[in-house]
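A.B. asks:
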Amino acid sequence: MNTFYNSPTCHPLSKCGNMYDMIDLSAKLNAQYIGLYEYSCYDAVMSQGLLPTSSYHPHEKFMARNSAYSYVRLLYRFGPTQLLKFFLLLIIGICFLFYLIFFIILSDNIIIDDQYLTAVDDAVLRSRMDFREMTIDRKCSPITTRCYTVVDKKIQNRRGAEHVERHLMVDGFADQSDTVIYLIPPKDEKFDTSDTRIWTIDHLTLNSQYVAGLLIAPFVVSSLSLNGLDSHKSVLEIGLGGGSFDMALSKLKPEINITAVEFDPVVVTLAKKWFGVINTNTRHTIITDGIDYINKASTRGEKYDVVVLDACDTSPLSPCPAESFRNQEIIQVMKSILTDKGCVIVNILSHDEDDGRKTEKVIEIFTDVFPSCLQMKMTDEVNIILICVPYSIGDPKEHMKFYDARLKSAVKTLNWNYILGQITVS
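Residue numbers (our numbering): -17 to 408.
1) Use the C-beta contact count for residue 325: other C-beta atoms within 10 angstroms, 16 or more gives buried, fewer gives exposed.
2) Taking the straight line between their C-alpha atoms, what separation do you get for residue 163 and residue 71?
3) Tell me, please, which residues DSSP counts as bridged to residue 149.
4) If you follow the alpha helix (DSSP H) that residue 195 is part of, which residue opens it and which one closes it?
5) Could you say which of 282, 197, 327 and 191 lies nearest to residue 293 if we only look at CA atoms?
6) Could you tell me which of 366, 406, 363 and 275 sits nearest to residue 383, measuring between CA atoms?
7) I think residue 266 touches residue 241, with their Cβ atoms under 8 Å apart; what is that distance to the nearest whole Å?
8) For the putative contact between residue 217 and residue 133, defined by C-beta atoms under 8 Å, what is the C-beta separation to the nearest angstrom?
9) Just verifying my parser: in three-state terms, what is the DSSP assignment at residue 261?
10) Going by DSSP, what residue range makes up the alpha helix (DSSP H) through residue 226?
11) Residue 330 and residue 303 look like a contact to me (Cβ under 8 Å); what is the Cβ gap, rounded to whole Å?
12) I'd like to know if the stretch 202 to 209 and the stretch 176 to 189 are in contact, where contact means that at least 3 CB-CB pairs between them fall below 8 Å.
13) Taking 6 Å as the limit between beta carbons, can you name the residues of its chain near residue 354, skipping five residues before and five after?
14) If residue 190 sits next to residue 232, beta carbons under 8 Å apart, how far is it from one beta carbon to the other, in whole angstroms?
15) Excluding the 5 residues flanking residue 316 on each side, which residues of the same chain have their C-beta closer than 7 Å to its C-beta?
16) Expressed to the nearest angstrom, what Euclidean distance is found between the alpha-carbon atoms of residue 115 and residue 79?
17) Whole angstroms are fine: how far does the CA of residue 198 sit from the CA of residue 389?
18) Taking residue 122 as the reference, which of 193, 161, 251 and 269 has the closest Cα?
19) Let's see if you can read the secondary structure: which residues bound the alpha helix (DSSP H) around residue 324?
20) The beta strand (DSSP E) that contains residue 118, what's its start and end?
21) Assuming residue 224 and residue 253 make a contact with CB atoms under 8 Å, what is their CB distance in whole Å?
22) With distances taken between CB atoms, is the gap from residue 300 to residue 357 smaller than 8 Å?
23) Please identify the residue among 209, 345 and 284 whose C-alpha is closest to the C-alpha of residue 318.
24) For residue 144, which three-state DSSP category applies?
25) Are there 16 or more other CB atoms within 10 angstroms of the CB of residue 393, so buried, or fewer, so exposed?
26) If you follow the alpha helix (DSSP H) that residue 386 is part of, which residue opens it and which one closes it?
27) For the alpha helix (DSSP H) containing residue 341, list its first residue and its last residue.
28) What did DSSP end up calling residue 182 once you bin it into helix, strand or coil?
29) Using the Cβ count rule (16 or more neighbours within 10 Å means buried), how would you classify residue 143?
30) For residue 400 and residue 187, I'd like the C-alpha separation in whole angstroms.
Next comes the structure, spelled out in structure tokens:
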């Protein structure tokens, strides 16, 4: 053993018999030098047939300690300032990782279309009332001074099923909507979690009974054909609103030439932006005064198979038709632009407090000009649809049965029993 201690290969400051005491000394010496020393001591032990008490090879111990020293030297080389920057970047990276996990993986699946992100002020979009209504737009007309609001509503029917409707509201008529259309949601999306502004417009699922009445009226009097092509026929609509009538008719009979005349540019803007109103090869919107257009059409000798009057004013008791259309002169011009089998269809809306005399007065103005007029009274709404033709229909009682049968046939063909099933012709 003394020979082992005095081996010339041992470090002069330590005893090779306690080789692992070199750990305390190694902090003061170069790692490479220490490694050479350990190999020398290991060789000395092996040369005398002695083995270390541990199975841990000196080379492995050297490599592990040398790696640790490398990290320590690296930290000292950077200095306190660099270390602080490193830890700050590390913390920022961890925070960003948590942000991605929370907002992308754990957040609700809400659909937002980039093209609409700046369409409406955020404060307006958050104006939900018990999460059943959302105001998505509002504009006031500098021409008519009327203000319009577009509202999406979650509605529950009698069976408990929910659907979403888009309403065009006019200030002063809080209990009524100028236009109502259905919205089709993306797959698995709901009103509470999705952006309804980008939902698809459903023009063929009718919500308004009076709009359904306007649509079915020309089929009842055979001005339009349910089964045949009407490629050479023309329809003129005075008063666009949200485009419920003309867009639905364009879907039903795409071959018909449809002209929608609207006086207020703001209404046209809202109709195009929120109600799916578009111009096609056979459907056009014209911004002009309705009376001027009718007079010019008469001067040009134009003929229409259907003229729909759905123009209203701000009268609280009897807004439709507008007062400017309640005179025989303009009604006579409307009659002059009809084809022989054409018809004028009028939306009459009157909140009569005097037993319907205002409504009867409006009807009389038209019956004084036209030889025959029919009525369809809505059951769920106060509107009356007046259908006037430029020819005599003969015996009223017999023809009422005929037209009532045609109404029921048209309702069945169009699958509109859900909205017009209880309507009759009188």
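Cβ coordinates follow ideal geometry from the N, Cα and C atoms, glycine included.
C.D. replies: Result, derived from the coordinates:
1) buried
2) 53 Å
3) 133 and 162
4) 191 to 202
5) 327
6) 406
7) 6 Å
8) No, residue 217 and residue 133 are not in contact; Cβ-Cβ is about 29 Å, not under 8 Å.
9) coil
10) 226 to 234
11) 7 Å
12) no
13) 371, 374 and 375
14) With 8 Å as the limit, residue 190 and residue 232 do not qualify as a contact, their Cβ atoms being about 17 Å apart.
15) 276, 289 and 326
16) 36 Å
17) 8 Å
18) 251
19) Careful: residue 324 lies outside any alpha helix (DSSP H), inside the beta strand (DSSP E) at 320 to 330.
20) 115 to 122
21) 5 Å
22) no
23) 284
24) strand
25) buried
26) 378 to 396
27) 339 to 349
28) strand
29) exposed
30) 10 Å
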